[in-house]
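Here the structure is laid out as structure tokens; the discussion comes afterwards.
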Ligand code: SF4
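Chains as they are written, first to last, in my numbering: chain A, 1 to 486; chain B, 1 to 212.
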């Protein structure tokens, strides 16, 4: 093993700067820097034209070994049968194109029924393809998820996907740095999802535009890898280029033994390198922000942008709360679209559907948390509720632990892995006017189906809403007979 | 990308502001898997009668369907052209239809960057200049314009002459037919060297041979 090719410098650097410096291939004058990309993740929707572009230009895919692919956005989640015989011809053609392209260009594909299939941002970490210090891209904005491992990971457009295929690099202007310190202990019932929703509510959906966020502080360090991924996943909803969290013992323990992670002595050497990635004492950020974890409460969105956040015991805002004329207009439009009265109690909002899943909250820990709430209860008769594991691995693990039985007994649908109702590109969509408590990441107009209304929240809160039929404070929850309260 | 510099062509006038990418290419075509073949979908909802089966019936009154404008390589529109969704399909449709230049007072940001990646010259002229050109091309479909990228000018034989600004880096790419990929490949030596060294850092690459 050689020494890492970090640039020798004496000035203290941030974690982001260390990863950036180690990937600069060239810095042409008057042009963006050319940055080396260690891993590109590929899925069916944003890749076909990129492959086609390579073919048109007669170019090779430079490093097939630095690409992995899966199918997630379009796949039905209803049953294995429906996945093998996809009714939607266009979706099927897109999936078949990915199969053909992966075979032609030599990319390893984790296909529909592969034991490693899942949402693209789930399988990178599960396989250990996502590791500290890497640069990772994907034609999907939630690529920021992988930053939870101390990787620099961001979403790109189709031309850029092709660029990476052809050159394994991207021209990039250097982003700014922004550290958000969350210090202290999270109160009972408050989760990683609540931290990130609170942050987006504070800084707004363009609050971190042009920046890479480093999440730091004792509350972040106390999070599991699953929780850290939830936080980094939604960085994009604050406008950030990427989100990162320093690797530590939690990270190393998660990675150990996974398929693409070095084994044995090589692993120990890797860990040594990874430890050096943390932000140096005295390094400066373009911007810093501090949050006291003890003041946080379960968060829920009331409107049509992830920045329209309140707490479960709060109220829908009134027009006077708007901070600008533009805000006022969007509030008015959101009240109407969401069919909510200004000033009404959040807990009085009734839901018709509950969705637990997505690359934000479709991990094993999320399903365990939801199952703890559900155990011994039944879904309200007015609610249709579904659990969509983020990956085959999560599904198998949950079934091993009997979580599927807990959900099914309670009246939840137990689905096959995929993006599902997060964006409704497959058949899982809301009907016009339907209201959904969802663990996903976007509550835009029509995101989960034309006319559908979305409230973003944690898996615990989504599970509680499924049982009661309205948004519910999980801190008051009576965990049924199991002494299961945490 | 092909190098591009001087284009002399008739121009299609589309005198509307805020033409968004949904109008340029509607969403049903984003599920297609091809990079090519978007020319038939350009301005789809304006171009075809939507109430006929398969939408094959061209609307005679829409400018692209008028025989006298066929084969034109320049499109002229009003301000904020290409606003809305980021779909690169909009730039693909315009270029595959055969347009090499779009003239307008302003362009939306994302469209501006997507167009550049697809070899389209975007010429920003003043409102007055654009109105003048729209009038000329409407009155006489055979009216020829010359766009000179090197000189950053739009001229005609009647003495019209206007200057446009363009980012020097983007201009360089267009003039030399460098797509971003081509441009990066100018640094292939640096890339090869970097990669040879970088490959040694085992922890950076997912390696299939690490499989248990
Ligand atoms: S789960 Fe939703 S946000 Fe995540 S990759 Fe799929 S569609 Fe995108």
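Built from N, CA and C at the ideal position, the CB exists for glycine as well.
Express the C-alpha separation of residue j and residue i in angstroms, rounding to a whole number.
i                      : j                      : result
residue 24 of chain B  : residue 105 of chain B : 18 Å
residue 56 of chain B  : residue 44 of chain B  : 10 Å
residue 205 of chain A : residue 349 of chain A : 24 Å
residue 364 of chain A : residue 397 of chain A : 7 Å
residue 252 of chain A : residue 419 of chain A : 28 Å
residue 385 of chain A : residue 84 of chain A  : 24 Å
residue 427 of chain A : residue 299 of chain A : 29 Å
residue 332 of chain A : residue 303 of chain A : 10 Å
residue 182 of chain B : residue 163 of chain A : 9 Å
residue 202 of chain A : residue 307 of chain A : 8 Å
residue 453 of chain A : residue 371 of chain A : 24 Å
residue 387 of chain A : residue 401 of chain A : 15 Å
residue 154 of chain A : residue 138 of chain A : 7 Å
residue 64 of chain B  : residue 434 of chain A : 41 Å
residue 158 of chain B : residue 135 of chain B : 14 Å
residue 133 of chain B : residue 187 of chain B : 41 Å
residue 90 of chain A  : residue 11 of chain A  : 53 Å
residue 265 of chain A : residue 92 of chain A  : 44 Å
residue 318 of chain A : residue 343 of chain A : 5 Å
residue 310 of chain A : residue 197 of chain A : 9 Å
residue 213 of chain A : residue 291 of chain A : 14 Å
residue 83 of chain B  : residue 229 of chain A : 33 Å
Verify the contact flag: residue i, CB atom, against every heavy atom of the ligand SF4, threshold strictly below 6 Å.
i                      : result
residue 489 of chain A : With chain A covering only 1 through 486, there is no way to say anything about residue 489 of chain A.
residue 419 of chain A : yes
residue 119 of chain A : yes
residue 189 of chain B : no
residue 438 of chain A : no
residue 358 of chain A : yes
residue 423 of chain A : yes
residue 280 of chain A : no
residue 142 of chain A : yes
Can you tell me whether DSSP reads residue i as helix, strand or coil?
i                      : result
residue 168 of chain B : helix
residue 179 of chain A : strand
residue 18 of chain A  : helix
residue 479 of chain A : coil
residue 116 of chain B : helix
residue 229 of chain A : helix
residue 355 of chain A : strand
residue 244 of chain A : strand
residue 107 of chain B : strand
7 Å is my cut-off, CB to CB: does residue i come that close to chain A?
i                      : result
residue 33 of chain B  : yes
residue 41 of chain B  : no
residue 199 of chain B : no
residue 180 of chain B : yes
residue 190 of chain B : yes
residue 171 of chain B : no
residue 187 of chain B : yes
residue 194 of chain B : yes
residue 127 of chain B : no
residue 68 of chain B  : no
Shortest alpha-carbon distance to residue i belongs to which of the options?
i                      : options                       : result
residue 142 of chain A : A:44, A:440 and A:475         : A:440
residue 108 of chain A : A:83, A:133 and A:71          : A:71
residue 153 of chain B : B:194, B:168, B:2 and B:123   : B:123
residue 247 of chain A : A:11, A:12, A:19 and A:477    : A:19
residue 115 of chain A : A:415, A:393, A:401 and A:414 : A:393
residue 38 of chain A  : A:182, A:133 and A:111        : A:133
residue 258 of chain A : A:130, A:315, A:44 and A:478  : A:130
residue 41 of chain A  : A:445, A:120, A:211 and A:208 : A:120
residue 24 of chain A  : A:91, A:285, A:170 and A:157  : A:170
residue 164 of chain B : B:3, B:177, B:58 and B:146    : B:146
residue 17 of chain B  : B:102, B:191, B:80 and B:166  : B:80
residue 37 of chain B  : B:15, B:73, B:94 and B:47     : B:94
residue 108 of chain B : B:192, B:161, B:47 and B:90   : B:90
Between residue i and chain B, is the shortest Cβ-Cβ distance under 7 Å, so that the two count as touching?
i                      : result
residue 272 of chain A : no
residue 90 of chain A  : yes
residue 159 of chain A : yes
residue 48 of chain A  : yes
residue 239 of chain A : no
residue 72 of chain A  : no
residue 94 of chain A  : yes
residue 251 of chain A : no
Is there at least one non-hydrogen atom of the ligand NAP closer than 6 Å to the beta-carbon of residue i?
i                      : result
residue 202 of chain A : With respect to the ligand NAP, the structure offers nothing, as its ligand set consists of the ligand SF4.
At a CB distance below 9 Å, what residues from the segment 23–40 of chain A approach chain E? Give them in sequence order. Absent from the structure is chain E; the protein chains it does hold are A and B.
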